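Visitor:
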């Protein structure tokens, strides 16, 4: 449990909401990818990153305009 607390502490220190969102999703993606074969893992990670990037870019543009 100590490791999980440390990860959440680090995530809370990230000030940029877009970067924090990508970091949180990257952790979830990594956990899922651990049990996959190398080729499947690469394809899964690429597909998932393509899904979360538009949201992160939207958060960043909203943050910059306010």
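Numbering (the numbering used here), first residue to last: 52 to 117. Note that beta-carbon positions come from the ideal geometry of N, C-alpha and C, so glycine has one too. The structure presented is a predicted model; accordingly, all values stated were derived computationally and were not measured.
(1) Buried or exposed for residue 93, please, with buried defined as at least 16 other CB atoms from any protein chain shown within 10 angstroms of its CB.
(2) Grab the span of the alpha helix (DSSP H) containing residue 98 for me, first residue to last.
(3) Which residues in the same chain as residue 58 place their Cβ atom closer than 8 Å to its Cβ, once the five residues preceding and following it in sequence are excluded?
(4) Exposed or buried, which one is residue 73 when buried takes at least 16 other CB atoms within 10 Å?
(5) From residue 99 to residue 87, what does the alpha carbon distance come to, in whole angstroms?
Guide: According to the structure shown:
(1) Flag for residue 93 reads exposed.
(2) First-last of the alpha helix (DSSP H) with residue 98: 89 to 116.
(3) Apart from the 5 residues on each side of it in sequence, residue 58 sits with its Cβ closer than 8 Å to the Cβ of 78 in its chain, given in chain order.
(4) Burial call: buried.
(5) Between the alpha carbons of residue 99 and residue 87 lies a distance of about 14 Å.
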